[in-house]
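**Q** Under our numbering, the residue at position 179 of the sequence shown is numbered 590, and the numbers go up by one with no gaps. For glycine and all other residues, C-beta sits at the position ideal for the given N, C-alpha and C. Just dropping this structure here.
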Amino acid sequence: MFKIEEDSQKLGQTAAVIIARQLIKKPNSVIALPTGVTPIPMYNAFVELMKYGIVPVEDAHFFNLDEYVGLTKNDPMSFAYYMDKHFLSKIGVIKHEIPLTNAKDPEKEAQNYEGKIKALGGFDLCFLGIGIDGHIGFNEPGTPFSSITHVAKLQPSTIKRNSKEFGKEVPNLAITVGIKTIMHSHHIVLMATGTEKSDILNKTLFGEVTTSVPASVLQLHPNLTILVDKECAKGITTTNARSFR
Ligand code: PGA
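Listed below in C-alpha cells is the structure:
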C-alpha cells in the first residue's frame, strides 16, 4: 500500500494507528522501532492514543533497530536517550530492547540481540525510516541482503547528517538489525517525509533491486506499507506512484 498524508504530523498519526491496531489484534506483538526525525510524530501520536486506555502494551515487545557503539546510554546522542525522551518516559513500563551502546564486545552484543529477536519469532511489525543514501536501520549501501544483526560502519554522509543537532560527531560504528532480519517481518512500514527523501524513494521503489540502495530490497516484501507526506510525494514520479498503489 502506498499512502500519501497531508504532512508529517498526519503521517505520525497514521503510523500510531497501525501500532495500535497491531496490538489490539495481537497484544504480544514484537515491534521494531526506528529513530531519527521522521518517527517523532508517530511517538507523539502513540503517546496520545495511549491516553484512551484501550491499547494493550503490557505484553508487547518493542525492539529498536539500531544504536551507536561507544556512548553511554545517558548521552543525548544515543538512541537509548532518544527513545527515553520521545517514548519510554511517557508511556510507562514496557518491554523494550535496544542494543547496548557501551557493550564490551559489540559483535557479541549484536549476536545476542539477534538471538532475542529470533527467540520471539521475529518482528510482527517493523517501522523504518530511510536515509538519503538508502539505508534502513544502519544498513548502509553495500550491506548484503542476507545480513542479520551486526556491527556496521557508517557512511560519512550519515555521520554528517546525524551529527547536525549535536555540534559534535556521532560515532562511526553502530549495531544494527540486519536486512534479512527486517525482511522476515510480517509487515513493514516505510516512512519518509520532505522533499529530500523523494529521490531515494524513487530509486528504492522503482529502481533496480541492488545492495547499493539497501532499501530497494523492500520491493521483494509481500506486505509493505509506504507512508509519505505530500512534500515527499511531489518528487515521486506520478506514473510510478500510480502503478504502485
Ligand atoms: P531521519 O533518519 O528520519 O532523521 O531522516 C532516517 C534514517 O536515517 O533512517
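Determine the extent of the alpha helix (DSSP H) in which Tyr463 is found, giving its start and end residues.
**A** As a position in the sequence shown, residue 463 is number 52, starting the count at 1. Where Tyr463 is concerned, there is no enclosing alpha helix (DSSP H), given that its DSSP letter is neither H nor E.
**Q** Can you list, in chain order, the residues of its chain with a C-beta nearer than 6 Å to that of Pro438? Leave out the 5 residues immediately preceding and following it.
**A** Taking the sequence shown and counting its residues from 1, one reaches residue 438 at position 27. Within the same chain, Pro438 has close Cβ partners Pro467 and Asp470.
**Q** What are the complete alpha helix (DSSP H) segments, minimum 4 residues, inside the stretch 551-590?
**A** For the stretch 551-590, whole alpha helix (DSSP H) runs of length 4 or above, ordered along the chain, are 567-574.
**Q** May I ask you to report which of helix, strand or coil DSSP gives Arg656?
**A** Taking the first residue of the sequence shown as 1, we reach residue 656 at position 245. Residue placement at Arg656 is poorly supported in this model, since its pLDDT is 47, which falls under 50; the coordinates still yield a value, given next. Looking at Arg656 - three-state DSSP - the assignment turns out to be coil, as it is neither helix nor strand.
**Q** Between Ile541 and the ligand PGA, is there a pair consisting of the residue's CB and a ligand heavy atom that are separated by less than 7 Å?
**A** On the sequence shown, position 130 is the one that residue 541 refers to. Checking every heavy atom of the ligand PGA against the Cβ of Ile541, one is found closer than 7 Å.
**Q** Answer yes or no: does any C-beta atom of chain C fall closer than 8 Å to that of Phe490?
**A** The structure shown contains no chain C, having only a single protein chain.
**Q** So, helix, strand or coil for Asp544, using DSSP?
**A** The residue labelled residue 544 in the question sits at position 133 within the sequence shown. Note: Asp544 maps to coil in three-state DSSP.
**Q** Do His497 and the ligand PGA come close, with the Cβ less than 7 Å from some heavy atom?
**A** The residue you call residue 497 lines up with position 86 of the sequence shown. Incorrect: His497 has no Cβ contact closer than 7 Å to the ligand PGA.
**Q** Only counting the same chain, and skipping five residues up and downstream in sequence, which positions put a Cβ closer than 8 Å to that of Ile502?
**A** Position 91 of the sequence shown holds residue 502. Cβ neighbours of Ile502 beyond the five flanking positions: Phe457, Val458, Met461 and Val468.
**Q** Is the Cβ-Cβ distance between Lys571 and Leu584 less than 8 Å?
**A** Taking the first residue of the sequence shown as position 1, residue 571 is located at position 160. Taking the first residue of the sequence shown as position 1, residue 584 is located at position 173. No, Cβ-Cβ distance for Lys571 and Leu584 is not below 8 Å.
**Q** Report the option in Asn523, Asp516, Glu642 and Asp486 whose CA atom is closest to the CA atom of Glu417.
**A** For the purposes of this step, residue 417 is identified with residue 6 of the sequence shown, where counting begins at 1. Glu417 has its Cα closest to that of Glu642, out of Asn523, Asp516, Glu642 and Asp486.
**Q** Using 10 angstroms around the beta-carbon of Ser623, count the other beta-carbons present and answer buried if the total reaches 16, otherwise exposed.
**A** Your numbering for residue 623 matches position 212 in the sequence shown. Burial call: exposed.
**Q** Residues bridged to His598 by DSSP?
**A** Start at 1 with the first residue of the sequence shown, and residue 598 comes out as number 187. Paired residues: Leu536.
**Q** Measuring alpha carbon to alpha carbon, tell me which of Phe534, Asp486 and Ile559 ends up nearest Gln433.
**A** The sequence position of residue 433 within the sequence shown is 22, counting from 1. The shortest Cα separation from Gln433 among Phe534, Asp486 and Ile559 belongs to Phe534.
**Q** Check whether the Cβ atoms of Ile528 and Thr592 sit closer than 8 Å, and answer yes or no.
**A** In the sequence shown, residue 528 corresponds to position 117, counting from 1. In the sequence shown, residue 592 corresponds to position 181, counting from 1. For Ile528 and Thr592, yes; Cβs fall inside 8 Å.
**Q** Could you check the C-alpha separation between Tyr479 and Pro582 for me, to the nearest Å?
**A** Taking the first residue of the sequence shown as position 1, residue 479 is located at position 68. Taking the first residue of the sequence shown as position 1, residue 582 is located at position 171. Cα to Cα, Tyr479 sits roughly 6 Å from Pro582.
**Q** Give every residue of the same chain whose Cβ lies closer than 7 Å to the Cβ of Ala491, excluding the five residues on either side of it in the sequence, and list them in chain order.
**A** Against the sequence shown, residue 491 aligns to sequence position 80. Contacts found: Glu478, Lys484, Ile509 and Thr512.
**Q** With 16 as the cutoff for other CB atoms within 10 Å, does Arg656 come out buried or exposed?
**A** As a position in the sequence shown, residue 656 is number 245, starting the count at 1. Reliability of the predicted coordinates at Arg656 is poor, the pLDDT of 47 falling under 50, and the value obtained from them is presented with this limitation in mind. Label assigned to Arg656: exposed.
**Q** Are the beta-carbon atoms of Ile599 and Leu635 separated by less than 8 Å?
**A** Working through the sequence shown from its first residue, we reach residue 599 at position 188. Working through the sequence shown from its first residue, we reach residue 635 at position 224. Their beta carbons are under 8 Å apart, which means Ile599 touches Leu635 by this criterion.
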